[in-house]
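Asks: Residue -1 is where the sequence shown starts when you use this note's numbering, and the numbers rise one by one after that.
The following block contains the structure, expressed as structure tokens.
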Amino acid sequence: MPRNIIKLLRKYPGSWDLPELPELGSPTTEKGLVVEAQNYFSKKFSTNQCWFGVNGASGLIQSGILAMAKRGNYLLMPRNIHTCVIKACIIANLTPILFDIEYSEETGHYLPITTEWFKKVLNNKLLNDIQLAGIVLVNPYYQGYASDIESLIYLSHERNIPVLVDEAHGAYFLFCDNYGLPKSAVSSKADLVVHSLHKSLNGLSQTAILWHNGTKVEHENVQQSINLLQTTSPNSLLLSSCEESLNDWIEINSLRNFQKRINIAKNTFDELFKRGIPVVRNDDPFKIILNTGLYGIDGFSADKFFYENGLIAELPEMMTITFVLGFAKQKNFVGILENLWNKLLLTIKPHKQLKNIKPPFKSIQMPFITPSEAWMKKSYKIPIKESVGKVCAEIVCPYPPGIPFSDSWRNNRSRKS
Ligand SMILES: Cc1ncc(COP(=O)(O)O)c(C=O)c1O
-1 MPRNIIKLLR
9 KYPGSWDLPE
19 LPELGSPTTE
29 KGLVVEAQNY
39 FSKKFSTNQC
49 WFGVNGASGL
59 IQSGILAMAK
69 RGNYLLMPRN
79 IHTCVIKACI
89 IANLTPILFD
99 IEYSEETGHY
109 LPITTEWFKK
119 VLNNKLLNDI
129 QLAGIVLVNP
139 YYQGYASDIE
149 SLIYLSHERN
159 IPVLVDEAHG
169 AYFLFCDNYG
179 LPKSAVSSKA
189 DLVVHSLHKS
199 LNGLSQTAIL
209 WHNGTKVEHE
219 NVQQSINLLQ
229 TTSPNSLLLS
239 SCEESLNDWI
249 EINSLRNFQK
259 RINIAKNTFD
269 ELFKRGIPVV
279 RNDDPFKIIL
289 NTGLYGIDGF
299 SADKFFYENG
309 LIAELPEMMT
319 ITFVLGFAKQ
329 KNFVGILENL
339 WNKLLLTIKP
349 HKQLKNIKPP
359 FKSIQMPFIT
369 PSEAWMKKSY
379 KIPIKESVGK
389 VCAEIVCPYP
399 PGIPFSDSWR
409 NNRSRKS
């Protein structure tokens, strides 16, 4: 945690829990300390404006979407979009057009989007007669894979379409230019970028920031959309955590410490690889993915084993388990993981056949009815096996990662519901 937040929390209990006093203001007031801090950061990173958020990246992504698109508009997005985007589509009656992404059957993970792939998506004839209000991209993915976001933004801007980048997992990239990390979408001039400060900086849970750039999305629309969804009593501790988590990555001494941690994290991967642990290369040094599927072990059984032995992972999936190192000092992570991995191999019986099959999605698909219509209709629960050919009232989506894995989207819009 940033030193100033630690100091604040040591003060008389509750003394930091202030209401929206005129001196403090809130993210959307004209004046006050919160706005001053926001102005400072937006100037520092050459953006039009930024807003702190106290309802996670989810809240600010939804505000960003409402700022880009109006009722009945279309938004283009990849299959691995976070659930909060679909929920915003439900609220505003927007139509998400989902495009497929290349997929690794070995890990069960979506792969980064290449420029060629994205060009094909944008040139797909399904989009010929559709005016897109915006494009939503996720970068990096939960497991740390990153695309060349700058070129994807460029291709969208070439067509005059605004882009919102969900960079929930990549806030710290912004502070580490020239450090061999993916380029931040803020420096790449996306129109809207959302960072989850509790996921990828050292903010408290629920803290986030929205950055606004360019002229494709109106400033007033963003401000109004934040006002529409934001609580009228934003928590002052969370707001100061937004400010201090960003300050901590600007202050030169703490930044040096974080850069050391990045190097240690890179070495951690190399060392695990050298020791024969089945780690999967990705673009975020703090994400360590273990390909348990190579040994016939599913990620959920591995997660249970690690958890029961005191090592807590972030994200178990069918073929893998992903650990997040975080920015604190690691106490012998390599040794602990190696030891437990060897024990796990002796303890868990592998599946005879553990296979991951690519979901049979078309390269680009429209929902049969809008998520909003589906949500409003009467619905009933059925086993997933019986759901083929039916319309989902809500997305089938495990958390984490909050990414839908099954749905009933159709590209045949003339079918009756
Ligand atoms: C890719 C992605 N975007 C957005 C979110 C939402 O972030 P938050 O939990 O801060 O609302 C998540 C949460 O897991 C996520 O994985």
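We put the beta carbon where it would ideally sit given N, CA and C, even for glycine.
The beta strand (DSSP E) spanning H155 covers which residue range?
Replies: Element bounds for H155: not the beta strand (DSSP E) but the alpha helix (DSSP H), I147 to E156.
Asks: Does the region 90 to 109 come close enough to the region 351 to 365 to have 3 or more Cβ pairs within less than 8 Å?
Replies: yes
Asks: Quick one: which unbroken alpha helix (DSSP H) runs of 4-plus residues sit fully inside the region 191 to 217? Chain order, please.
Replies: 195 to 198
Asks: From D175, N121 and V163, pick the residue whose C-alpha is nearest to that of E156; which is it?
Replies: Of the residues D175, N121 and V163, the one whose Cα lies closest to the Cα of E156 is N121.
Asks: Beta-carbon within less than 7 Å of F303's beta-carbon, same chain only, minus the 5 sequence neighbours each way: which residues are those?
Replies: For F303, the CB contacts under 7 Å within the same chain, skipping 5 residues up- and downstream, are L342, T345 and I346 in chain order.
Asks: Taking the Cβ atom as the reference point for each residue, do N211 and K187 lie within a distance shorter than 7 Å?
Replies: Their beta carbons are under 7 Å apart, which means N211 touches K187 by this criterion.
Asks: Taking G168 as the reference, which of I151, A183, I159 and V161 has the closest Cα?
Replies: For the options I151, A183, I159 and V161, the alpha carbon positioned closest to that of G168 is the one of A183.
Asks: For K68, which of I401, N219, P358 and G324 has the nearest alpha-carbon?
Replies: N219
Asks: Report the rounded CA-to-CA distance for P20 versus E249, giving the unit in angstroms.
Replies: 28 Å
Asks: Could you check the C-alpha separation between L227 and F50 for me, to the nearest Å?
Replies: 13 Å
Asks: So which of K214, C240 and I224 has the shortest CA-CA distance to G204?
Replies: It should be noted that the sequence gives Gln, not Gly, for residue 204. With distances taken between Cα atoms, Q204 lies closest to C240.
Asks: Do you know how far the Cα of I63 is from the Cα of G132?
Replies: 8 Å
Asks: Could you check the C-alpha separation between N37 and N126 for me, to the nearest Å?
Replies: Distance between the alpha carbons of N37 and N126 is about 40 Å.
Asks: Residues bridged to G51 by DSSP?
Replies: A206
Asks: Grouping DSSP H, G and I as helix and E and B as strand, with all else coil, what is L292?
Replies: helix
Asks: Look up S102 in the DSSP assignment and give the residues it is bridged to.
Replies: H107
Asks: Could you tell me whether the region 97 to 107 touches the region 69 to 80, using the rule of 3 or more Cβ pairs below 8 Å?
Replies: yes
Asks: Quick one: what does DSSP say Q36 is sitting in, helix, strand or coil?
Replies: Note: Q36 maps to helix in three-state DSSP.
Asks: So, for L31: in the same chain, excluding its five sequence neighbours on each side, which residues have a beta-carbon less than 6 Å away from its beta-carbon?
Replies: L22
Asks: Which class does G132 belong to by DSSP, given the choice of helix, strand or coil?
Replies: strand
Asks: Using the DSSP secondary-structure output, state which residues sit across from F97 in a beta bridge.
Replies: P76 and I362
Asks: Ignore the nearest five residues each way along the sequence and tell me which others in E148's own chain have a CB closer than 7 Å to its CB.
Replies: K181 and S186
Asks: What is the DSSP secondary structure of K350, reduced to helix, strand or coil?
Replies: In the structure shown, K350 falls within a coil segment according to DSSP collapsed to helix, strand and coil.
Asks: DSSP three-state call for V278: helix, strand or coil?
Replies: strand
Asks: When burial is assigned at 16 or more other CB atoms within 10 Å of the CB, is R259 buried or exposed?
Replies: buried
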